[in-house]
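S.K.: Submitted below is the structure of interest, expressed as structure tokens.
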Amino acid sequence: MFIQSEIILGFQQVIEPMNLLYCFFGVLMGTLVGVLPGIGPTATISLLLPLALIASPLQGIVMLAGIYYGAMYGGSTTSILVNIPGEAASVVTCLDGYAMARQGRAGPALGMAAIGSFIGGTLSLVGLMLLAVPLSKVALGFGPAEYFGLLCIGLLLVLYLSHGSFSKGLTIAVIGLLLGCIGTDETSGKVRFAFGIPELYDGLDVVPMVVGLFGISEVLINLGSRDKRVTVKTSVKNLLPNLEDWKRSAFPILRGSALGFFIGLIPGGGTVLSSFISYALEKKISKHPEEFGKGAIEGVAGPETANNASVGASFIPLFGLGIPSNVVMAILLASLTIHGVTPGPNFIEKNQTFFWAIVASMYIGNIMLLILNLPLVGIWVKILKIPYRLLFPWILLFCMVGAYTVNSRVSDVLTAITFGIFGYLLKKLDYESAPLALGFVLGPMFELSFRQTMSISGGSLGFFLERPVALVAFTLSAVVLISTFFNGIKKIREQVLDDPNSS
Amino acid sequence: MKRGNFIFALSLEFIGIFVLVYSYKLGLQKITNPGPGLFPFLLGIFLCLVVLPALFESFKKSTELHPVDKTIDTQALSPFVQLCVVILCLFEFFFLLEILGFVIAIFLFLFGLFWVGNPGRWVFNSLISIGTVLVTYLMFNTLLQVALPLGILK
Amino acid sequence: MKETLKRYRIVLMATLIALFSSFISAQEYPTKPIEWYSPYGTGGPAALAMKLVMDSAAKSLGQPVVMVNAPGAGGTIASARVARAKPDGYSLVMASSGNHGIAMYTVKDLSYTNADFEFIALFGVLEIALFVGPHTPFKTLEEFVAHAKKNPHALKFTTTGVGSGPNFILESLKMQAGGLQIDPVVFKTSPEQRTTVLGGHTHASVVYGGSGGPGDNISQAIEGGGRMLAVTAKKRLEAFPQIPTFAEKGYDISYRGWYGIAAPKGMPKEVSKKLKDAVYKALEDPAVIKGIKSMGFVYEPMHSEEFSKFVKTAEAEIKIIAEKAQIPRE
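Encoded structure:
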């Protein structure tokens, strides 16, 4: 089915200087966009839509794809350096990435994130090449029941994120789920938990929330306590991952690629889910799970690989079904459309040269990003050396402006501040904040897909059992649930009945 | 921190009960045809249950002590004061951003924050603050074309 | 005595200067970037189409035009902000059948009405076609309705929410066919509307389109195996002559998606004229027309007066449907 000459032609097209330039510009902008929280969609579009329209379809696509990838790379930078996730998918990287930075190992963390991202991105492109056509047909059959099954697993895996007290992690997760209920319930049209405040009618926005919960709270903790949490002991030698790091990261990277690719097929939610599931997986099968949250490099390598891998996979619903996974993809779609190239089940077959050219450009984009990001590691680490009393105002400014620019609303700034203070309290009380973000993101999807399935099946719970994929997902969920349950009960008993040292 | 934990856990219990009542009023219907209140209702129940271990634990005495590291930066201000001023600055930004515009809001914001870290160095703090405002302006208004509120500069 | 005179003179000077400068700034409009608020996100076809129009208008206005992302509450947040803004020609909003039509009757305590706005121009219309999936046996609207009558609650229809356009169409159909029982299933985005039907998860839904251009969702749905049963246009669409209209079938379903530009009421005449001229010019730019059509819009531009009248009629029609179908206010 794939004509070899077409593949070669596609690659040749991309090597042209102008096309490469667009690719480079895209990845550069993307990295910038990824590093700055909240900037994402609006700035990107304002700047780039005109360019994408003037340029040839190929150049436009190449540039926009570059942005998307670049943003994934860039998002991990701030997560590691200053505990500010650029979006929900980067939250997981904060957990161990920032811990590593605090131990003076920002270099290896950033380096491994870049390399893992590169491998994940590249491998998922291979998957895209080989599996795009059959998979786009399968994606159509993926309905709410299947989605629900997958979310079950995802939600249960939230519990594996808690490395402290089990019940506390659970509590935070439930709070996150409840926060996700704020806003208009689409199915019934009723507004929940808004208490008459118009800004809450659509619920809270995740970016201001995580920026506050992780970024601002970290600054508050540093200032509000006598012991300093940021160490400054980096030396040039420590800029790259060492052999031990490589050994530990190798398999997580491979697993992350596969995981990210398959989960990334799910439109909308692919990147977030894949990074969380990768983290939980690595923690579960690690020989030293207690290190997670304190600077385990697998906790950076796996999720970063996974979320870049999910990017490649998300092109399948885009080309095959016309479903964009986020704003950048939507613009990509629009600019394709304006140029007369439309997505659909036969997209790839009808536009082979074009498709291969895009794939080729994504490979090259990934390479460019790796080359861009690795030297930058040195610069980022130097920034960390600035005394904290000078650095933290900029960090806070970053957070605040970022929160504002998402939707051009001050209420988002208030959200960030509120969650910043809340995150500070949580840390003081020995709770952790990551499960909140995941619960918040997954909760509404979980509820919605359940209700959709109920609507479709006419209220029959047995419907779930009729769908093979959902059934598999449920069996897995049940296994995870039962083992978590028993584990959890054990931990809670220890916590309540015995000494405090056991949590 | 035990008392803090207790207050927090208790507050969560109350929130859980509130959620229960609120969701019930929204309408639960059946599990096979969920109403808007069903999911939050179940979450409310779950929350009340899951906070209990923390509630009980915070009753017990604790002999834990926070390890105290040597500070790297000498601090002229106590951590508590630092924290309060920072939070004040955060709120300042929120309140003034759209009223006075980003130039003034950011300048005040930064000035306050730099003052926390470098008390007494007025000139230095002012210069950095102004410089950052300029860079921000260039980056956002010119490079990224993202609109920051102009406030009184309109 | 001298003091008071001096004071009067100062006041007089100040007043004159103020008048003069506002006159000047009106003459020189625009002197700074113009912002327009996008109610439905920044990546969708409507936002991008309006961006094409506004960027082209920017050329004749001589100042950059910046899109501001202001989503939420069915598009009403953006409109609410602009309704409150100074009518100086620097704040605009996308006015569509959603935030200036349906929202009037589905949103509780809406802070604005259409009377608060000056409507500049309409740039595109989307006709709405009802379609069924390839897994269903229906080939005509009659078959669909008959099946629904005989099997209540058997058919599932994808909508994007209780106050959404698709739901309006569904409710209108149900009412006029004599009370059908078709169940709505809510999915959040329009690609999902298509794919759930094409994938066989639900039986029917609507697609917005009509231009026949590459971005036309109607073409995409057809390509995916969907069957169009009827369309809301008054006459059969040029691009899709095979689709019968609801009118032909005896239904009076007039709701369509329309998209235009609005500004707060009360702009100075010179500002208003300059703005309108720039926009009208942009609407005749072939590149803009091509772009709009390729997003799927039917290109039926309207200038300010016509658009204002159109909005009034559209609002009245929506009112009837909303009341009859008893769609609740939230």
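Chains as they are written, first to last, in our numbering: chain A, 95 to 597; chain B, 14 to 167; chain C, 10 to 339.
Every residue, glycine too, gets a C-beta built ideally from N, C-alpha and C.
Is there at least one non-hydrogen atom of the ligand SAM closer than 7 Å to the beta-carbon of T509/A?
M.R.: Ligands displayed in this structure: none; no statement on the ligand SAM is therefore possible.
S.K.: What separation, rounded to the nearest whole angstrom, lies between the Cα atoms of V32/B and R587/A?
M.R.: Within the second sequence, the letter at position 19 stands for residue 32/B. Within the first sequence, the letter at position 493 stands for residue 587/A. V32/B and R587/A: Cα-Cα distance of roughly 27 Å.
S.K.: Determine, for E232/C, whether the minimum Cβ-Cβ distance to residues of chain A falls below 8 Å.
M.R.: Working through the third sequence from its first residue, we reach residue 232/C at position 223. So yes, E232/C belongs to the interface.
S.K.: Would you kindly work out how many angstroms separate the C-alpha atoms of C188/A and D299/A, rounded to a whole number?
M.R.: Stepping through the first sequence from its first residue, residue 188/A is reached at position 94. Stepping through the first sequence from its first residue, residue 299/A is reached at position 205. The alpha-carbon atoms of C188/A and D299/A are separated by roughly 19 Å.
S.K.: Indicate whether I252/C and A138/C have their beta-carbon atoms separated by less than 8 Å.
M.R.: Here residue 252/C corresponds to residue number 243 of the third sequence, with the count starting at 1. Here residue 138/C corresponds to residue number 129 of the third sequence, with the count starting at 1. Yes, these two residues count as a Cβ contact at 8 Å.
S.K.: Sorted by chain position, which residues of the same chain lie with C-beta nearer than 6 Å to T51/C's C-beta, five sequence neighbours on each side aside?
M.R.: Locating residue 51/C in the third sequence gives position 42, counting from the first residue. Excluding residues within five positions, the ones whose Cβ falls inside 6 Å are N78.
S.K.: Quick check on DSSP: helix, strand or coil for P273/C?
M.R.: Along the third sequence, read from residue 1 onward, the residue named residue 273/C stands at position 264. Looking at P273/C - three-state DSSP - the assignment turns out to be strand.
S.K.: Looking only at C-alpha atoms, which of E293/C, V320/C, G300/C, M304/C sits nearest to P310/C?
M.R.: Residue numbering aside, residue 310/C sits at position 301 when the third sequence is read from its first letter. Taking only the C-alpha atoms, the option nearest P310/C is E293/C.
S.K.: The alpha helix (DSSP H) spanning L238/C covers which residue range?
M.R.: Position 229 of the third sequence, counting from 1, holds the residue named residue 238/C. Element bounds for L238/C: not the alpha helix (DSSP H) but the beta strand (DSSP E), 236 to 240.
S.K.: In the stretch 463 to 491 of chain A, which residues sit with their C-beta less than 8 Å from some C-beta in chain B, listed in chain order?
M.R.: Listed in sequence order: P481, Y482, R483, L484, F486, P487, W488, L490, L491.
S.K.: Just how far apart, CA to CA, sit V535/A and C275/A?
M.R.: Mapped onto the first sequence, residue 535/A falls at position 441. Mapped onto the first sequence, residue 275/A falls at position 181. About 10 Å.
S.K.: Would you kindly report the start and end of the unbroken beta strand (DSSP E) that includes T167/C?
M.R.: Along the third sequence, one-based indexing puts residue 167/C at 158. Per DSSP, T167/C belongs to the beta strand (DSSP E) from 165 to 168.
S.K.: Going by beta carbon distance, what residues of the same chain come within less than 8 Å of V507/A, once the five residues before and after it are set aside?
M.R.: For the purposes of this step, residue 507/A is identified with residue 413 of the first sequence, where counting begins at 1. Cβ within range, chain order: P302, M494, A497, Y498.
S.K.: Do the stretch 55 to 62 of chain B and the stretch 23 to 40 of chain B meet, that is, are 3 or more Cβ pairs less than 8 Å apart?
M.R.: Short answer: they touch.
S.K.: So what does DSSP say about N420/A, is it helix, strand or coil?
M.R.: Within the first sequence, numbered from 1, the residue matching residue 420/A stands at position 326. Coil, per DSSP.
S.K.: Where V285/A and T278/A are concerned, what is the direct C-alpha to C-alpha distance, given to the nearest angstrom?
M.R.: By one-based count along the first sequence, residue 285/A stands at place 191. By one-based count along the first sequence, residue 278/A stands at place 184. So the alpha carbons of these two residues sit roughly 4 Å apart.
S.K.: Got a sec, what are the start and stop residues for the beta strand (DSSP E) L542/A sits in?
M.R.: Residue 542/A sits at position 448 when you count from the first residue of the first sequence. Premise fails: L542/A lies in the alpha helix (DSSP H), 528 to 551, not in any beta strand (DSSP E).
S.K.: So the candidates are P277/C, A82/C, V154/C, G218/C; which of them puts its Cα closest to the Cα of T115/C?
M.R.: Mapped onto the third sequence, residue 115/C falls at position 106. Checking every option, the nearest Cα to that of T115/C belongs to A82/C.
S.K.: If you draw a straight line from the alpha carbon of I330/C to that of A242/C, how long is it in whole angstroms?
M.R.: The residue labelled residue 330/C in the question sits at position 321 within the third sequence. The residue labelled residue 242/C in the question sits at position 233 within the third sequence. Approximately 17 Å between the Cα atoms of the pair.
S.K.: Quick one: complete alpha helix (DSSP H) runs, 4+ long, within the stretch 144 to 214 of chain A?
M.R.: Complete alpha helix (DSSP H) runs here, min 4: 151 to 176, 193 to 196.
S.K.: Does the pairing of the stretch 214 to 229 of chain A with the stretch 449 to 458 of chain A give three or more beta-carbon distances under 8 Å?
M.R.: Short answer: they touch.
S.K.: Residues in its own chain within less than 6 Å of L123/B by CB, not counting five upstream and five downstream?
M.R.: Position 110 of the second sequence holds residue 123/B. So the list reads S142, T145, once near-sequence residues are dropped.
S.K.: Using CA coordinates, which residue listed in E324/C, V194/C, A186/C is at the minimum distance from L166/C?
M.R.: Walking along the third sequence from the start, residue 166/C turns up at place 157. The amino acid occupying residue 166/C in the given sequence is Phe; Leu does not appear at that position. Selected option, being the one with the closest Cα: V194/C.
S.K.: For a test of the three-state rule: what should DSSP assign to L135/C, helix, strand or coil?
M.R.: In the third sequence, the residue the question calls residue 135/C occupies position 126. Of the three classes helix, strand and coil, the one that applies to L135/C here is strand, per DSSP.
S.K.: Which class does K68/C belong to by DSSP, given the choice of helix, strand or coil?
M.R.: The sequence position of residue 68/C within the third sequence is 59, counting from 1. Here K68/C sits in helix by DSSP.
S.K.: Between the C-alpha atoms of V81/B and I583/A, what's the straight-line distance to the nearest angstrom?
M.R.: What you label residue 81/B is simply residue 68 of the second sequence in a count that begins at 1. What you label residue 583/A is simply residue 489 of the first sequence in a count that begins at 1. Low local confidence applies: a pLDDT of 43 at V81/B is under 50, so the model's placement there is unreliable, and no value is given.
S.K.: Would DSSP call S502/A helix, strand or coil?
M.R.: As a position in the first sequence, residue 502/A is number 408, starting the count at 1. S502/A: coil per DSSP, three-state reduction.
S.K.: For L119/C, I'd like the list of residues in its chain whose CB is within less than 7 Å of its CB, leaving aside the five on either flank, ordered along the chain.
M.R.: In the third sequence, the residue the question calls residue 119/C occupies position 110. Once the five neighbours on either side are set aside, the close Cβ partners of L119/C are T85, A112, M113.
S.K.: Alpha carbon to alpha carbon, how far is L122/A from G309/A?
M.R.: Along the first sequence, one-based indexing puts residue 122/A at 28. Along the first sequence, one-based indexing puts residue 309/A at 215. Cα to Cα, the separation comes out at about 24 Å.
S.K.: Could you give the first and the last residue of the continuous alpha helix (DSSP H) run that contains V99/B?
M.R.: Your numbering for residue 99/B matches position 86 in the second sequence. Start and end: 92 to 113.
S.K.: Indicate whether at least one CB of chain B lies closer than 8 Å to the CB of V330/A.
M.R.: The count along the first sequence starts at 1 and reaches residue 330/A at position 236. Because the pLDDT of V330/A is 44, which lies under 50, any placement of that residue in the model is unreliable, and the number read from its coordinates should be weighed accordingly. Output row for V330/A: interface = no.
S.K.: So, does the CB of E26/B fall closer than 8 Å to a CB anywhere in chain A?
M.R.: As a working mapping, residue 26/B is identified with position 13 in the second sequence. No, its Cβ sits nowhere closer than 8 Å to a Cβ of chain A.
S.K.: Please name the residue in M194/A, G318/A, S282/A, P292/A whose C-alpha comes closest to that of G517/A.
M.R.: Start at 1 with the first residue of the first sequence, and residue 517/A comes out as number 423. That would be G318/A, whose Cα lies nearest to the Cα of G517/A.
S.K.: Hey, how far is the Cα of A352/A from the Cα of F370/A?
M.R.: For this step, residue 352/A is matched to residue 258 along the first sequence. For this step, residue 370/A is matched to residue 276 along the first sequence. Approximately 14 Å, taken between the alpha carbons.
S.K.: Starting from the C-beta of N402/A, find all residues in its chain whose C-beta is less than 6 Å away, skip the five residues before and the five after it, and write them out in chain order.
M.R.: For the purposes of this step, residue 402/A is taken as the residue at position 308 of the first sequence. Correct list, in chain order: M166, S211, G214, G215.
S.K.: For a contact meaning CB atoms closer than 7 Å, what does A226/A contact in chain C?
M.R.: Here residue 226/A refers to the residue found at position 132 when the first sequence is read from its first residue. Near A226/A there are no residues of chain C at all, since even the closest Cβ is about 17 Å away, more than 7 Å.
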